[in-house]
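*Asks:* There's a structure below that I have some questions on.
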Amino acid sequence: MKPCPVTYGSLAQASASQPAAPYANGGQSFDQALQNALSADPTQQVLPHPANTPLDARLSAAAAASLPAKPAGDPQKSTTTARVAYGKQMTYTPAESVKMSDWQKYKDDQLLRNPGGRYYDDTRGKVVDQPEGKSVSWLIGRDVSGVAGNIKNFFANIFKGSKIHYRDEKNEIKQGQQTGLLGTLGNFCRDLAGALSFGAYHPDTQQAVHGFKNRLVYAASKLKDAFMGDLINGVPSSVNHMAQNVLLAGWRLAEVLPDAALGSFQAGRKLTTTIFDNGQVAVEYLTDIVPSGDAWLRVHASDLKKLTPPVIYNLKMPEHFSGDTRWQYVRNTPFRKTIETIGSLVADGLTIGFLGQSGGSSSRRNPLEY
Numbered sequence: 005m006k007p008c009p010v011t012y013g014s015l016a017q018a019s020a021s022q023p024a025a026p027y028a029n030g031g032q033s034f035d036q037a038l039q040n041a042l043s044a045d046p047t048q049q050v051l052p053h054p055a056n057t058p059l060d061a062r063l064s065a066a067a068a069a070s071l072p073a074k075p076a077g078d079p080q081k082s083t084t085t086a087r088v089a090y091g092k093q094m095t096y097t098p099a100e101s102v103k104m105s106d107w108q109k110y111k112d113d114q115l116l117r118n119p120g121g122r123y124y125d126d127t128r129g130k131v132v133d134q135p136e137g138k139s140v141s142w143l144i145g146r147d148v149s150g151v152a153g154n155i156k157n158f159f160a161n162i163f164k165g166s167k168i169h170y171r172d173e174k175n176e177i178k179q180g181q182q183t184g185l186l187g188t189l190g191n192f193c194r195d196l197a198g199a200l201s202f203g204a205y206h207p208d209t210q211q212a213v214h215g216f217k218n219r220l221v222y223a224a225s226k227l228k229d230a231f232m233g234d235l236i237n238g239v240p241s242s243v244n245h246m247a248q249n250v251l252l253a254g255w256r257l258a259e260v261l262p263d264a265a266l267g268s269f270q271a272g273r274k275l276t277t278t279i280f281d282n283g284q285v286a287v288e289y290l291t292d293i294v295p296s297g298d299a300w301l302r303v304h305a306s307d308l309k310k311l312t313p314p315v316i317y318n319l320k321m322p323e324h325f326s327g328d329t330r331w332q333y334v335r336n337t338p339f340r341k342t343i344e345t346i347g348s349l350v351a352d353g354l355t356i357g358f359l360g361q362s363g364g365s366s367s368r369r370n371p372l373e374y
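Under our numbering, think of the first position of the sequence shown as 5, with each following residue one higher.
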């Protein structure tokens, strides 16, 4: 018995005569996914065909329906266009969108914020691939890049402020802006001028302030922003960011030698990456929870209008909140709330104890004095 030859046309006809088994695109058949792909443009539509129409003919017709009229060309290009359109409908799950634990979100946020993370490209604002075969020179280059990036941010935080990266509610990496020391002082001068002029100077709004009552309210609001927001919170926060950049630059500089010694081995690369990435997260956590740190400011925020006290206000905040930069640049998960609240309150206790001890010792008289 001779084997019966099977041609591409016979396979296409057989597949067209039977319902397609769902295998991708959330269980859609090929026909349905192709229709969805091309119907993204309302002018594009896949016309119905008889069940025995060959596959190539159906693809070519679909592509022709999706493109504006043009002179006749290579039919293979039309088939390719339709296949590409179908491919766009396929469901992919990038590494960043995989469901993350609260700890993974916290670590991701911290490594995105400042330069230095092994696989975090701060200059392009993306997470790079993690191939196993990276050379020692590439590892050292990443270390030097982290050092240089933090030094750059240190000087930026002296002036207008440094740029940082964060993930929004769609898990997309966005760029944010911290306010630098001189930028904060500039804000103080503008807020104070707005308060003293009772709204005659209003750089934060295009609409002029009218009415005696409105001018008083505006002046009081700007005085609060100038002294509470800019001087008491803003200036120490900018200094905190500068100190954080110095510590991280030193930390990443210390990574160069271990990478040079162990970077040739896969186990060595994993060890140094784990130690120094987690170390950066620890440095940022400790600088965040001290008074004037980013976490400390979140924990001590309150809402006077709703009479919501500190700590409680932050605990009630959602994971994503874009109305305030204190929460906009982090994913405020229950894990983050817990460790930042505990750390900030412990820092408060240590600060009060240190100040009390310093004040007590300075007021103590020397027993040998009469």
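The beta-carbon is built from N, C-alpha and C at its ideal position, and this holds for glycine as well.
Does the distance from the C-beta atom of Val303 to that of Ser348 stay below 7 Å?
*Replies:* Taking the sequence shown and counting its residues from 1, one reaches residue 303 at position 299. Taking the sequence shown and counting its residues from 1, one reaches residue 348 at position 344. Yes.
*Asks:* With a CB to CB cut of under 7 Å and the five nearest residues on each side skipped, what residues in its chain are close to Ile293?
*Replies:* For the purposes of this step, residue 293 is taken as the residue at position 289 of the sequence shown. Cβ neighbours of Ile293 beyond the five flanking positions: Ala299, Trp300, Glu344, Gly347, Ser348, Ala351.
*Asks:* Can Gly153 and Asp126 be called in contact, C-beta distance under 7 Å?
*Replies:* Indexing the sequence shown from 1 puts residue 153 at position 149. Indexing the sequence shown from 1 puts residue 126 at position 122. The answer is yes: Cβ separation under 7 Å.
*Asks:* Please determine, among Gly215, Val260, Thr291, the residue with the shortest C-alpha to C-alpha distance to His245.
*Replies:* Within the sequence shown, numbered from 1, the residue matching residue 245 stands at position 241. Minimum Cα distance to His245 is reached at Thr291.
*Asks:* Assuming Asp113 contacts Arg256 (C-beta within less than 8 Å), just tell me the rounded distance between them.
*Replies:* For the purposes of this step, residue 113 is identified with residue 109 of the sequence shown, where counting begins at 1. For the purposes of this step, residue 256 is identified with residue 252 of the sequence shown, where counting begins at 1. Not confirmed; about 18 Å, so no contact.
*Asks:* Would you tell me roughly how many angstroms separate the C-alpha atoms of Gly238 and Thr188, rounded to the nearest one?
*Replies:* If you number the sequence shown from 1, residue 238 lands on position 234. If you number the sequence shown from 1, residue 188 lands on position 184. About 6 Å.
*Asks:* Please list the terminal residues of the continuous beta strand (DSSP E) segment that includes Ile168.
*Replies:* Here residue 168 refers to the residue found at position 164 when the sequence shown is read from its first residue. Residues 167–171.
*Asks:* Between Arg219 and Phe202, what straight-line distance do the alpha-carbon atoms span, to the nearest angstrom?
*Replies:* Here the question's residue 219 lines up with position 215 in the sequence shown. Here the question's residue 202 lines up with position 198 in the sequence shown. So the alpha carbons of these two residues sit roughly 5 Å apart.
*Asks:* Alpha carbons only, please: which of Thr329, Tyr317, Gln270, Gly129 is nearest the one belonging to His169?
*Replies:* In the sequence shown, the residue the question calls residue 169 occupies position 165. Nearest C-alpha to His169: Gly129.
*Asks:* Could you check if Ser326 is buried or exposed, using at least 16 other CB atoms within 10 Å of its CB as the buried criterion?
*Replies:* The sequence position of residue 326 within the sequence shown is 322, counting from 1. The residue is exposed, with fewer than 16 neighbouring Cβ atoms inside 10 Å.
*Asks:* Taking Cβ to Cβ, would you say Val287 is nearer than 7 Å to Leu261?
*Replies:* Translated into positions along the sequence shown, residue 287 becomes position 283. Translated into positions along the sequence shown, residue 261 becomes position 257. The answer is no: Cβ separation not under 7 Å.
*Asks:* Shortest alpha-carbon distance to Lys103 belongs to which of Gly254, Lys174, Gly198?
*Replies:* For the purposes of this step, residue 103 is taken as the residue at position 99 of the sequence shown. Taking only the C-alpha atoms, the option nearest Lys103 is Lys174.
*Asks:* Please state if the CB of Thr337 and the CB of Lys109 are separated by a distance shorter than 7 Å.
*Replies:* Walking along the sequence shown from the start, residue 109 turns up at place 105. Walking along the sequence shown from the start, residue 337 turns up at place 333. Yes, the Cβ-Cβ distance between Lys109 and Thr337 is below 7 Å.
*Asks:* Does the beta-carbon of Phe216 have 16 or more other beta-carbons within 10 angstroms, so that it is buried, or is it exposed?
*Replies:* Reading the sequence shown from its first residue, position 212 is the one you call residue 216. Phe216 should be labelled exposed.
*Asks:* Tell me the DSSP secondary structure of Asp113 in three-state form.
*Replies:* Sequence index remark: in the sequence shown, residue 113 carries index 109 (1-based). Helix.
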